[in-house]
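Residue numbers (the working numbering): 12 to 344.
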């Protein structure tokens with residue numbers, strides 16, 4: 012397994028998280044706690060320092076370790092995700108490891124541009140990142156630990172060559188915890204991804220539970236490949252070329268919990284194909300063909316247990332100290 016600790020993270024309270032500087036308040040303390048003993052002013056393994064922006068940008072003896080906007084090309088992330096038994100894994104196995112939440116926050120910072128002057132509110136925040144940030148504001152490591160949405164099934168260790176093939180094609184492949192073998196696959200760096208790239212998912216069909224095809228050229232025909240992913244739980248199709256016909260192919264996704272359809276051509280008719288997916292809980296449909304009070308009410312009737320986000324949402328802090336995005340009824344047309 013890769014070297015990721017349990018899902019919480021070191022407790023550190025940040026007042027007014029939206030106004031906080033991402034690097035100074037989130038990234039730097041994380042590096043200080045987990046990395047500086049080997050990569051600080053007094054010791055620099057691999058000629059690498061991580062205690063100031065200028066040193067992070069400089070990299071180590073093998074060159075750059077953070078590539079802004081390119082997680083898959085960032086050696087820092089690659090080292091963090093190596094098995095703890097690997098001599099190149101960071102931190103060394105005898106040291107305190109980064110948690111799953113901390114890995115996600117670093118991934119978010121690098122993917123968002125690895126900038127040192129941005130406030131939290133200036134960076135895009137996915138539904139996955141929001142509760143982690145809310146937890147930091149409340150100083151609660153426990154708040155970052157949310158009930159797992161992943162299937163309660165055991166799968167084998169991912170084939171290393173298959174993971175390497177996906178990475179070589181430009182996909183970002185990440186493990187989702189140390190107590191399972193599930194994978195997240197992200198094609199954010201492959202806008203022209205098509206059938207050829209999706210075919211690379213097949214050897215990892217059992218392990219893939221999260222798939223991001225945002226902004227790609229994927230259309231209805233290519234979605235045939237998703238039928239082969241029996242444990243698919245989170246699917247990002249925002250900005251893709253899919254339509255209502257493509258959604259029909261998701262009917263067999265019995266574990267599907269989250270579906271992002273923002274900025275696509277889907278309509279109410281397409282979402283009706285999803286009514287028998289009992290696991291479905293979140294669907295994002297901003298800038299789609301779903302419009303008006305009539306569509307809204309019909310979908311709420313057909314999908315009573317699903318949060319349907321139309322873009323007019325509010326962020327509500329709950330008693331559990333997590334942040335939940337909930338929909339606001341659309342204005343009458």
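We put the beta carbon where it would ideally sit given N, CA and C, even for glycine.
| query | result |
| --- | --- |
| CB of residue 183 within 8 Å of CB of residue 218, strictly | no |
| The region 99-117 touching the region 135-150, judged by at least three CB pairs closer than 8 Å | yes |
| Three-way DSSP call (helix, strand, coil) for residue 156 in this model | Note that residue 156 has pLDDT 40, beneath the 50 cutoff, so the model's placement of it is unreliable and the number below is only indicative. Of the three classes helix, strand and coil, the one that applies to residue 156 here is coil, per DSSP. |
| Residues that DSSP places opposite residue 186 in a beta bridge | 194 |
| Inter-residue Cα distance where the pair is residue 121 and residue 190 | 25 Å |
| Counted within 10 angstroms of its Cβ, other Cβ atoms place residue 102 as buried (16 or more) or exposed | buried |
| Identity of the residues DSSP links to residue 318 by a beta bridge | 293 |
| Short Cβ contact (8 Å threshold) for residue 288 with residue 252 | no |
| Burial state of residue 197 (16 or more Cβ within 10 Å) | buried |
| Beta-bridge pairing of residue 32 - partner residues as DSSP gives them | 130 |
| Anticipated Cβ contact below 8 Å, residue 73 with residue 86, distance rounded | 7 Å |
| Of the listed residues 269, 292, 70 and 248, nearest to residue 277 (C-alpha basis) | 248 |
| Residue range of the alpha helix (DSSP H) that includes residue 174 | 171-179 |
| Buried or exposed by the 16-neighbour rule on C-beta atoms within 10 Å, applied to residue 213 | exposed |
| Cut-off 6 Å between Cβ atoms - residues of its own chain near residue 162, not counting five sequence neighbours on either side | 242 and 266 |
| Segment limits, beta strand (DSSP E) that includes residue 223 | 219-223 |
| Assigned secondary structure, residue 58 (DSSP; H/G/I helix, E/B strand, else coil) | helix |
| N- and C-terminal bounds of the alpha helix (DSSP H) containing residue 237 | Neither: residue 237 is in no alpha helix (DSSP H) and is coded neither H nor E. |
| Exposure of residue 100, with buried meaning 16 or more beta-carbon neighbours within 10 Å | buried |
| Secondary structure of residue 389, DSSP reduced to three states | A query on residue 389 cannot be resolved here, the shown segment of the chain reaching from 12 to 344 and no further. |
| Delimiting residues of the beta strand (DSSP E) encompassing residue 347 | Outside the shown range of the chain (12 to 344) lies residue 347, about which nothing can therefore be said. |
| Given residue 146 as reference, the closest of 264, 26, 298 and 192 once Cα atoms are compared | 26 |
| C-alpha gap between residue 300 and residue 284, whole angstroms | 15 Å |
| Of the residues 97, 271, 232 and 272, the one placed nearest residue 256, counting alpha carbons only | 232 |
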